[in-house]
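Novice: Chains as they are written, first to last, in the working numbering: chain A, 4 to 122; chain B, 70 to 488. Quick reminder that beta carbons are idealized off the backbone N, C-alpha and C, glycines included. No experiment lies behind these values; they were computed from the predicted model shown.
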C-alpha cells in the first residue's frame, strides 16, 4: 500500500534554527530516508524550496492562469514529502512519527489511489 | 409450525444474540470489508433460519455461521466480478483458501473481537467517530439507538460510520491488536472511548435520562469484555471505577430528578453488589503495581464506598490518593478535587486557600464546579457574600438543568438562613 507523507513545517521556525542544528536535522532526515530505501519502503522523497518559490496554476474554460504563491496560506507550509510503500496505515504512521521533522512540524499521511482518480 | 421447528428458530435467535458479534469480528478479518462482512453475517443467519430446522442445529454454530458467511461473501464478490474483472481473481483466491483461515480455536476468535475494538478505536479515526463505531460494531447498537443516546440525528451517526468504514478501507487501517510496543498507548485510547460512553450515560440530564443509563450499562459491558480479553491493570481499574460510580446511581438524584451530593446521599440505596465487585477489582489492579489514573480514581471511589455514612469517610486516605493521582496525571481539575478533600480533612479554611489559589491562576475560571466548590467552602466559614458571588458565577456557567436547580436552591438557602 502506497502513502504520501506530506511534511508541513512552519518555515519561520525552520529559518530560526541555528545553522548546525539545521544541518543536523537535514543529515538525520537523509539518513532516515536512506534506511527506508534500503528496506524497500521508500519510493521517493525530497525537501522543497520555500513557498516564495511556489506557483499555483489553474485552467478554467481553456484559459490557464498562474498566480504567485502556494495554493493555500497556512500557518505551517508544505516543506517536503516522502512517498512510501508499506503494509498498512500503522506502518505509515510509525514511519511518519519517526521522521525528524515530525518533532517540529506535522506530517499528513495520505493513501495513494492506485486505481486512478475516478475509482 | 411444529414445536421442534419453533425451538430451533428460538435457538437461532439466541445464537444471534450471543454469537453475531463474534461471527462479525471474524468475518471482518477474513473479508477485510466491514460492509461485506455485515451483509455476509445477515445472509449466514438467513441460511441458518432455513437450514437448521431441516438439518438440525450444527455442533458448533459459530464455525458454521462463519463458514456460511464466507461462502455468501464469495457469492457476492463473484456477482460483482461480472462488472469488475479485477474482483474475479479475488473470488478465486478466497475459494481456494481452505477453511484453515477460519480458526476454530477459541483464543483466535476472541482475538478477532479484540481486533474489532482496536480498529473501531483507532486514533486515525476522529474521536467523535470512534464512539459510534464502537457502539455500532462491537455493542450492536443501531444507529437510531446511538443517535438517541447522543441527542443527535440518526443520519449524522450513520454518516460518521460510513466515513469511518471508508477510511478503514481506503487508508488501510489494519485489523489487528497492536504489538506489545504500541499496546499501552492504543489501549489508553480504547479505555478513553469506553469511559466517554460511560460518562455520556452517567452525567445527569433530564429528558433522555433513560436511554443514557443504557449507555453506562453498555460501557460496563464493554469494560467486562475488555477485561476478559486483555486483563491489564488499567482495564481492571476502569471497570472498577465505572462500577463504583454506577453503584450510586439510584442515590444521586431525587425522585424529581434533582442532584444529590455524595455527602447527602442515602447510602442504603447504593448498589452493594457493584461496590463489592468494584473494590475487588481495584485491589487486584493495585497489587499489579503497574496501575494508572483509572485505578487511582477507582481507589478514591472505593474509599467513599467503604464509608457507611459520609462522616466516616477516610479523608486522609483520599488526599493521599489524590497526591498520587496528581503525580501520574496532573490536571487542574484533579487539584480542585484534592483541595476539596483537604478541606474535608483539615477544615474548610485549608481547602478554601487551595481553591482560591487554583482560581487565581485562571485555569478553571470557566469551570462551574470550581466556583460552586469555592462557594460551598465560603458558606461553611461564614463568608456569605463571597459564597453568593461564587454560586452566581457557577450558575452562569452550568449547562445541565439538575445542576442549575441545585445551584439555585443553594443561593436561595443563603438568603434564607432558617431553611
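Is residue 212 (chain B) closer than 8 Å to residue 227 (chain B) when the C-beta atoms are compared?
Specialist: Yes, Cβ-Cβ distance for residue 227 (chain B) and residue 212 (chain B) is below 8 Å.
Novice: Going residue by residue through the stretch 341–380 of chain B, where are the continuous beta strand (DSSP E) segments of at least 3 residues, counting only ones entirely within it?
Specialist: Qualifying beta strand (DSSP E) stretches: none in this window.
Novice: At 7 Å on the CB atoms, spell out the chain B contacts of residue 93 (chain A), in chain order.
Specialist: Correct list: 243.
Novice: For residue 284 (chain B) versus residue 266 (chain B), is the C-beta distance shorter than 8 Å?
Specialist: Taking 8 Å as the Cβ cut-off, residue 284 (chain B) and residue 266 (chain B) qualify as a contacting pair.
Novice: Let's test the definition: count the other Cβ atoms within 10 Å of the Cβ of residue 490 (chain B) and tell me whether it reaches 16, buried, or not, exposed.
Specialist: A question about residue 490 (chain B) goes unanswered here, because the residues of chain B that appear run from 70 up to 488.
Novice: Does the stretch 302–319 of chain B touch the stretch 342–361 of chain B, meaning 3 or more C-beta pairs lie closer than 8 Å?
Specialist: Touching, yes, given that three or more Cβ pairs across the two stretches are closer than 8 Å.
Novice: Closer than 6 Å by C-beta to residue 431 (chain B): which residues in its own chain qualify, once you throw out the five before and the five after it? Chain order, please.
Specialist: So the list is empty, once near-sequence residues are dropped.
Novice: Cα separation between residue 137 (chain B) and residue 100 (chain B)?
Specialist: Approximately 13 Å, taken between the alpha carbons.
Novice: Under the criterion of a Cβ to heavy atom distance below 7 Å, does residue 59 (chain A) qualify as lining the ligand FMN?
Specialist: By its list of ligands, the structure shown contains no ligand whatsoever, and the ligand FMN lies outside what it can speak to.
Novice: Enumerated in chain order, which unbroken segments of the alpha helix (DSSP H) with a length of 4 residues or greater are wholly contained in the stretch 450–477 of chain B?
Specialist: Correct list: 453–466.
Novice: Can you tell me which residues form a DSSP beta bridge with residue 66 (chain A)?
Specialist: DSSP lists A:63 as partners of residue 66 (chain A).
Novice: In terms of residue numbering, what span does the beta strand (DSSP E) encompassing residue 109 (chain A) cover?
Specialist: 109–114 is the span of the beta strand (DSSP E), which, as asked, contains residue 109 (chain A).
Novice: For the alpha helix (DSSP H) that contains residue 202 (chain B), what are its first and last residues?
Specialist: Its alpha helix (DSSP H) spans residues 196–202.
Novice: Considering residue 51 (chain A), what are the terminal residues of the alpha helix (DSSP H) in which it resides?
Specialist: Where residue 51 (chain A) is concerned, there is no enclosing alpha helix (DSSP H), given that its DSSP letter is neither H nor E.
Novice: Quick one: what's got a C-beta closer than 7 Å to residue 332 (chain B)'s C-beta in the same chain, skipping five residues either side?
Specialist: Counting only Cβ-Cβ distances below 7 Å, and skipping sequence neighbours, we find 379.
Novice: Going by DSSP, what residue range makes up the beta strand (DSSP E) through residue 103 (chain B)?
Specialist: Not the beta strand (DSSP E): residue 103 (chain B) falls in the alpha helix (DSSP H), residues 103–124.
Novice: Against residue 86 (chain A), what residues of chain B qualify as contacts under a CB-to-CB distance less than 7 Å, listed in chain order?
Specialist: The contacting residues do not exist; residue 86 (chain A) stays about 15 Å from chain B at best.
Novice: According to the Cβ coordinates, are residue 473 (chain B) and residue 464 (chain B) closer than 8 Å?
Specialist: For residue 473 (chain B) and residue 464 (chain B), yes; Cβs fall inside 8 Å.
Novice: Kindly list, in the order they appear in chain A, the residues whose Cβ is closer than 9 Å to that of residue 239 (chain B).
Specialist: Those within 9 Å of residue 239 (chain B) in chain A are 114 and 116.
Novice: What did DSSP end up calling residue 274 (chain B) once you bin it into helix, strand or coil?
Specialist: Bear in mind that a pLDDT of 46 at residue 274 (chain B), under 50, signals an unreliable position, so the model cannot answer this.
Novice: Hey, how far is the Cα of residue 476 (chain B) from the Cα of residue 449 (chain B)?
Specialist: Spanning the two alpha carbons is a distance of roughly 16 Å.
Novice: I need the straight-line Cα distance from residue 326 (chain B) to residue 471 (chain B), nearest angstrom please.
Specialist: So the alpha carbons of these two residues sit roughly 7 Å apart.
Novice: How big is the Cα-Cα spacing for residue 135 (chain B) and residue 105 (chain A)?
Specialist: Cα to Cα, residue 135 (chain B) sits roughly 43 Å from residue 105 (chain A).
Novice: Whose CA, out of B:340, B:302 and B:482, lies closest to the CA of residue 320 (chain B)?
Specialist: Closest by alpha carbon: B:340.
Novice: Got a sec, what are the start and stop residues for the beta strand (DSSP E) residue 5 (chain A) sits in?
Specialist: Counting along the chain, the beta strand (DSSP E) containing residue 5 (chain A) begins and ends at 5–12.
Novice: What distance in whole Å lies between the Cβ atoms of residue 94 (chain B) and residue 238 (chain B), which are believed to be in contact at a cut-off of 8 Å?
Specialist: Not confirmed; about 16 Å, so no contact.
Novice: So, residue 447 (chain B) versus residue 421 (chain B), is the Cβ gap smaller than 8 Å?
Specialist: Closer than 8 Å, so yes.
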